[in-house]
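Okay, structure first, notes after.
Residue numbers (UniProt numbering), protein chains in the order written: chain A, 1 to 382; chain B, 1 to 382.
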């Protein structure tokens with residue numbers, strides 16, 4: 001290093017300090033500097049010199065080995081697409097070439113499905129996705145890295161759920177195994193207990209017993225085989241807890257959140273990490289989920305994070321019908337629907353944000369800690 | 001598979017046929033169907049059902065192991081950036097939020113340098129880069145996947161050149177080792193001889209001898225230690241061959257192409273692959289390369305492909321001066337220049353297009369064969 005300015009905007013020491021350290025000093029009458037988030041992001045190249053931040057970004061690059069070993073092919077689908085992605089207002093429009101309106105993909109969903117129609121069998125992608133949402137929430141970014149998976153189904157949708165289980169157990173195992181130094185470095189500044197394989201709880205089919213079993217655990221971590229609740233079991237738990245539910249209703253967001261928080265509150269609180277699968281087959285589906293046939297949701301950390309998975313509709317005629325019923329002009333998505341006309345295997349998949357995953361694994365409170373150069377409605381640099 | 005339309009736009013058999021097969025049939029009086037490129041791209045999900053295409057995309061996902069094992073951290077830098085990327089007209093503009101003009105990054109160059117200033121030591125990225133160039137050339141795309149590498153330099157720029165050597169040897173080794181089935185599948189439709197480690201040629205310091213040595217080889221492939229020509233040796237070769245060169249001139253594109261084609265023509269022609277390093281230290285630099293201090297260019301396949309590498313200027317004051325001299329308004333790139341004010345180690349790096357790399361390795365004639373859903377000025381779907 002040479003010719004650095006003699007005074008940095010903040011010292012690396014200040015930036016590396018834990019909240020606890022600052023508070024203890026404060027109680028002892030000493031006022032230590034607290035480096036705020038915006039300053040950190042303005043000078044991200046200083047902020048990342050702290051051991052915790054170094055560790056966070058090294059943790060992020062360990063997730064794809066398992067998928068490759070399971071025969072998945074890593075693909076790269078385009079960020080620039082025609083029309084308006086999956087619709088809605090949360091799309092960034094683009095001046096492509098003169099006569100072509102374009103936008104940035106809100107997810108690789110359509111293209112990974114086309115890859116399945118293209119004979120790949122199993123694909124995944126780690127790449128940027130774009131959401132023009134005017135949100136400054138601690139878990140929202142306008143550009144983030146999606147880990148998206150799609151696979152052909154041989155017999156039953158449970159294959160997709162099994163893959164979610166095995167993938168995340170493998171990711172967490174691998175993080176614990178390969179990144180112990182990095183996890184320690186994060187924990188020194190942002191204390192957390194790393195998630196651990198938690199196989200001592202016996203999996204019961206009865207959801208009440210399950211939750212009771214989990215409650216007894218002193219350290220809740222990830223289960224090698226994730227808690228899997230059927231729709232009707234979820235309904236039962238909610239109604240037992242006095243939450244009003246319509247047993248013939250949709251698997252809507254509020255319903256999910258209620259159940260997640262119920263599960264969450266039932267558990268010991270010394271772990272911030274928790275996965276459950278809710279799953280639903282063959283019921284009516286909310287209209288915005290045009291391509292969904294059966295769904296699962298993994299809930300993590302008090303409903304904060306969802307890995308949403310679904311079996312897709314793979315029959316072009318049904319898709320067209322559904323689009324019509326949802327008020328979508330079929331012509332605008334014809335290249336997508338056409339992909340299913342020439343033979344399409346049953347398939348399903350899921351997606352999760354990479355920065356969110358690391359944020360939750362490390363018990364961090366803001367996604368701006370795990371995105372290297374975060375983008376939100378007010379931040380487009382550095 | 002169910003309910004496929006009875007007639008496909010083209011048969012997988014037709015799409016899987018090699019040119020040779022079509023021509024042999026034609027000589028025997030039989031007219032076989034040739035599926036053209038646009039039709040393949042319109043129905044990419046059919047085209048990818050051919051063994052060769054399946055193989056091509058499986059080959060692409062094997063490149064990052066070596067870098068991780070060398071202590072590089074995989075990073076994800078933003079695609080959406082403020083201002084106009086590295087300038088020029090080849091930039092896609094974006095409606096970010098109301099008061100913020102944005103664009104798509106033409107390369108992760110600035111951000112990977114900031115990561116080096118941020119203490120990462122060694123970083124790489126595999127991610128999309130965007131070029132709004134109105135080109136339909138066989139090697140140009142408007143969105144492609146860049147493999148970009150940046151590293152701190154301990155003593156000398158040769159460390160970066162060594163890394164290029166070792167990385168590409170490792171990638172080629174790994175492709176040959178892990179993807180032999182896939183390479184065979186490609187070769188059945190698009191005949192090529194896979195590149196092979198070619199260590200039997202002794203490396204001579206004298207460039208004339210070197211080229212002579214390579215000429216004797218019956219199969220030219222990659223050298224474990226790449227042919228490395230110093231600027232003045234390159235000048236000498238060109239002037240020996242009757243090409244007019246200014247020994248005090250810049251390392252310009254035409255100069256590079258001349259030398260590459262000279263090297264290329266000097267060699268046996270049974271391999272399409274060739275790497276040489278041209279390198280230049282401390283001479284005057286063309287103005288558009290504001291951040292360059294010393295450069296190398298790897299030339300592959302008759303100057304078609306370049307891995308351009310460079311040591312960057314890491315002193316903010318020099319950068320500011322250089323920007324001024326190049327007519328760039330320093331204010332527009334101030335967050336970039338500021339990153340060097342608070343301590344920046346000497347560093348350098350290089351980048352290459354992933355689709356181009358696979359295209360060249362497999363001796364393919366068009367990048368649209370190695371990009372899953374290619375984007376060019378006329379093609380923004382599917």
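Note that CB positions come from ideal geometry on N, CA and C, so glycine has one too. Keep in mind the model is a prediction, meaning the values are calculated, not measured.
Residue i: contacting residues in chain B (beta-carbon distance under 8 Å)
i                      : result
residue 114 of chain A : 44, 45, 373 and 382
residue 82 of chain A  : 380 and 381
Contacting residues, own chain, Cβ-Cβ under 8 Å from residue i (five flanking each side not counted)
i                      : result
residue 185 of chain B : 51, 52, 54 and 55
residue 140 of chain B : 131, 133, 367 and 376
residue 378 of chain B : 136
residue 66 of chain A  : 166, 167, 170, 171 and 174
residue 20 of chain A  : 191
residue 183 of chain A : 55, 59, 175, 176, 194 and 362
Beta-carbon spacing of residue i, residue j below 7 Å
i                      : j                      : result
residue 10 of chain A  : residue 376 of chain A : no
residue 153 of chain A : residue 347 of chain A : yes
residue 94 of chain A  : residue 83 of chain A  : no
residue 243 of chain A : residue 235 of chain A : no
residue 73 of chain B  : residue 339 of chain B : no
residue 123 of chain B : residue 112 of chain B : yes
residue 360 of chain B : residue 337 of chain B : no
residue 373 of chain A : residue 149 of chain A : no
residue 383 of chain A : residue 45 of chain B  : Residue 383 of chain A lies beyond the residue range present for chain A, which begins at 1 and ends at 382; the question has no answer from this structure.
residue 48 of chain A  : residue 119 of chain B : yes
residue 129 of chain A : residue 107 of chain A : yes
residue 7 of chain B   : residue 381 of chain A : no
residue 189 of chain A : residue 308 of chain A : no
CB contact below 7 Å: residue i versus chain A
i                      : result
residue 322 of chain B : no
residue 51 of chain B  : no
residue 118 of chain B : yes
residue 78 of chain B  : yes
Per-residue contacts from residue i into chain B (C-beta, under 9 Å)
i                      : result
residue 69 of chain A  : Correct list: empty, because the minimum Cβ distance to chain B is about 12 Å.
residue 245 of chain A : Result: empty, since nearest Cβ-Cβ is about 35 Å, beyond 9 Å.
Chain B contact for residue i (CB, 7 Å cutoff)
i                      : result
residue 57 of chain A  : yes
residue 333 of chain A : no
residue 65 of chain A  : no
residue 102 of chain A : yes
residue 337 of chain A : no
Same chain, Cβ closer than 7 Å to residue i, five either side skipped, listed in chain order
i                      : result
residue 358 of chain A : 56, 59, 60 and 370
residue 81 of chain B  : 102, 103 and 105
residue 41 of chain B  : 368, 374 and 379
residue 92 of chain B  : 103, 104, 130 and 132
Amino acids of chain A, ordered along the chain, whose beta-carbon sits closer than 9 Å to that of residue i
i                      : result
residue 96 of chain B  : 92, 132, 142, 375, 377 and 380
residue 39 of chain B  : Under the 9 Å cutoff, chain A gives no residues; its nearest Cβ is about 13 Å from residue 39 of chain B.
residue 109 of chain B : Per Cβ cutoff of 9 Å: no residues; residue 109 of chain B is ~13 Å from chain A at best.
Same chain, Cβ closer than 6 Å to residue i, neighbours up to 5 away in sequence not counted
i                      : result
residue 144 of chain B : 353 and 355
residue 35 of chain A  : 10, 14 and 15
residue 179 of chain A : 59
residue 212 of chain A : Residue confidence is low: residue 212 of chain A scores 41 on pLDDT, short of 50, so the model does not pin down where it sits. Its coordinate-derived value is still stated next. So no residue of the chain qualifies.
residue 330 of chain B : 320 and 323
residue 71 of chain A  : 122
Chain A contact residues for residue i, given Cβ-Cβ distances below 7 Å
i                      : result
residue 75 of chain B  : 57 and 372
residue 31 of chain B  : Residues of chain A passing the Cβ test: none, with the nearest at roughly 24 Å.
residue 189 of chain B : Residues of chain A passing the Cβ test: none, with the nearest at roughly 15 Å.
Contact list for residue i against chain A, beta-carbon separation under 8 Å
i                      : result
residue 128 of chain B : 76, 78, 79, 127 and 128
residue 311 of chain B : Ordered by position in chain A, no residue passes the 8 Å Cβ test against residue 311 of chain B, which lies about 14 Å from the chain.
Cross-chain neighbours of residue i in chain B, by beta carbon under 7 Å
i                      : result
residue 27 of chain A  : The contacting residues do not exist; residue 27 of chain A stays about 31 Å from chain B at best.
residue 106 of chain A : Within 7 Å Cβ-Cβ: nothing; residue 106 of chain A doesn't reach chain B, min ~13 Å.
**Item:** chain A contacts made by the stretch 341-372 of chain B, where a contact means CB separation under 9 Å
**Value:** 341, 342, 343, 344, 345, 346, 354, 355, 371 and 372
**Prompt:** Which residues, in chain order, does the stretch 150-180 of chain B contribute to contact with chain A at a C-beta distance below 9 Å?
**Reply:** For the stretch 150-180 of chain B, which is checked against every Cβ of chain A, not one residue is closer than 9 Å.
**Asked** Just by C-beta distance, which residues in the stretch 137-148 of chain A are closer than 8 Å to chain B?
**Response** So the close ones are 142, 143 and 145.
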